[in-house]
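The structure appears below as structure tokens.
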Amino acid sequence: MSKLIKLFDPVVDSSEKNALVKVLDSKFWASGSGSGHVSKFENEFKKYIKSNSCIAVNSGTAALNLAFSLFDIKNKEVILPSLSFISTAHCIVENGGIPIFVDIEPDTLCIDPEKIKQVISKNTAAILPVHFGGMPCNLNEIRKIAKSHNLHIVEDAAHAVGTKFNGKKIGSHGTVVCFSFHPVKNLAMPTGGLISINHKNHKKFRELLFARRWCGITNRKDADYDVNELGWNYYMNEFSAVIGLQQLKKVDKLNKIRRKIARKFCNEINIKSKMPFNENCSYHLYWILVKNRQKFRQELLKNGIETGTHYKPIHLMKMYRGNISLPITESIGKQIVTIPIHPNLKKSEIEKIIKLVNNYA
Ligand SMILES: Cc1ncc(COP(=O)(O)O)c(C=O)c1O
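Read in order, the letters of the sequence shown correspond to residues 5 to 365 in the numbering used here.
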């Protein structure tokens, strides 16, 4: 039996291994203040995306939770897509807000700006777009809507390290943009996340988040410090940061390989409904729509190919179930299958995926 082709598979080499051993030997594994490699990673990532300020945290979930702590969304509505990982909605509730789910565009699976317009009310505080699979949302439209209604935008860019919009990397345009560096992501760490801030008060915002990511601790001088408000244990550790520094050096090259595979999938997979080709996309994942999903996934697994379902729509989960209908999201939620697109795939494995998808879809 040939080796299982995994759905996600981080690309690592001796550079990560050597860097990890150095951190291990140094015995400096973490600091709440994020000195050491965490601070280096923040600076390098800031240069990479051309952001005003970056603050590294220990997950994409932490990034989203902290991002919304910058704005007052208590009892106010935040508009978001339902086809996403659960943290996209939890961060709103965590900060006292009310999630308002809207439908997506059937080709990009990103939030549909027209649907945003339909649900804006006097109580709307923010829009939370997700760059789904690394496909850039229509930020021009979303920003226009936000501006005319005085709304905040917090971008969920968990899938979008290296994605571009209007010629610039995601993370450089938005006032607050959240990344995830979970091991399955394009820039992989054991666990990690980051908030990019381009708000006019970015220095003040960074200062607030700097304290909040470490239990609210401020004004540290020698053994003395103070606490003004609540905070969490959200800081990134040195092992994650040092892996991230190595991953960052190769992420553009790896994303290029992902795009090359995506182009081949677009040309050679004989299914009408599949992720389109976009040269600005990071292709964190590649999705197709199939009618008999369970059987299709079983057949691929029998043939040594792991697949996934990203995602079950959030508005169908018990915690978020309400009296809403999102026809496009619901239909796609039943049919979506994600197939391997990681840069470790060999040519023969890519051919095999295409052949089997065409056989069983
Ligand atoms: C769209 C989206 N948002 C947020 C997250 C949360 O990131 P993390 O797993 O790093 O907490 C994920 C991770 O899977 C995600 O896919």
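Even for Gly, the Cβ is constructed at its ideal location relative to N, Cα and C.
Any heavy atom of ligand 1 within a distance shorter than 7 Å of the CB on residue i?
i: F89; result: yes
i: A162; result: yes
i: H41; result: no
i: T313; result: no
i: H186; result: yes
i: V134; result: yes
i: T65; result: yes
i: L68; result: yes
i: T92; result: yes
i: G248; result: no
i: G175; result: no
i: G197; result: yes
Give the straight-line distance between the Cα atoms of residue i and residue j, rounded to the nearest whole angstrom.
i: E283; j: K350; result: 21 Å
i: F49; j: L252; result: 7 Å
i: I104; j: N259; result: 32 Å
i: C270; j: V165; result: 21 Å
i: A215; j: I354; result: 46 Å
i: P133; j: W218; result: 27 Å
i: E98; j: I358; result: 42 Å
i: A266; j: P344; result: 10 Å
i: S1; j: R297; result: Residue 1 lies beyond the stretch modelled for the chain, which goes from 5 to 365, so this question has no answer here.
Cβ atoms of residue j and residue i: under 8 Å apart, would you say?
i: H135; j: A161; result: yes
i: F209; j: G197; result: no
i: P85; j: I115; result: yes
i: G175; j: S57; result: no
i: V42; j: I83; result: no
i: L11; j: G308; result: no
i: G100; j: E81; result: no
i: P117; j: I157; result: no
i: V246; j: V294; result: no
i: S364; j: E310; result: It should be noted that the sequence gives Tyr, not Ser, for residue 364. No, these two residues do not count as a Cβ contact at 8 Å.
i: D111; j: P280; result: yes
i: I53; j: K168; result: no
i: H203; j: T179; result: yes
i: H319; j: L289; result: no
i: G273; j: V361; result: Note that residue 273 is Ile in the sequence shown, not Gly. In this structure, V361 lies closer than 8 Å to I273 by Cβ.
i: L74; j: L234; result: no
Where does residue i sit, in a helix, a strand or coil, going by DSSP?
i: K172; result: strand
i: T92; result: helix
i: E303; result: helix
i: R325; result: coil
i: S73; result: helix
i: L320; result: helix
i: I146; result: helix
i: S244; result: helix
i: C285; result: coil
i: R311; result: In the sequence on display, residue 311 carries Thr and not Arg. If DSSP states are grouped into helix, strand and coil, T311 belongs with coil.
i: H153; result: helix
i: Y290; result: strand
i: T333; result: helix
i: S18; result: helix
Cutting at 7 Å between CB atoms, please list the residues of its own chain near residue i, excluding the five before and the five after it.
i: D13; result: H346, N348
i: A192; result: P14, F185, Q251
i: M240; result: G38, V42, A60, V61, N62, G196
Can you give me the Cβ contacts of residue i inside the same chain, cut-off strictly under 8 Å, excluding the 5 residues immediately before and after it?
i: N170; result: L143, N144, H177
i: E46; result: G38, C58, I59, A60, L198
i: W33; result: V27, N241, E242, F243
Within the same chain, show all residues whose beta-carbon is closer than 6 Å to that of residue i, passing over the 5 residues directly before and after it, in chain order.
i: T333; result: S86, L87, D107, I108, P317
i: N127; result: K80, E81
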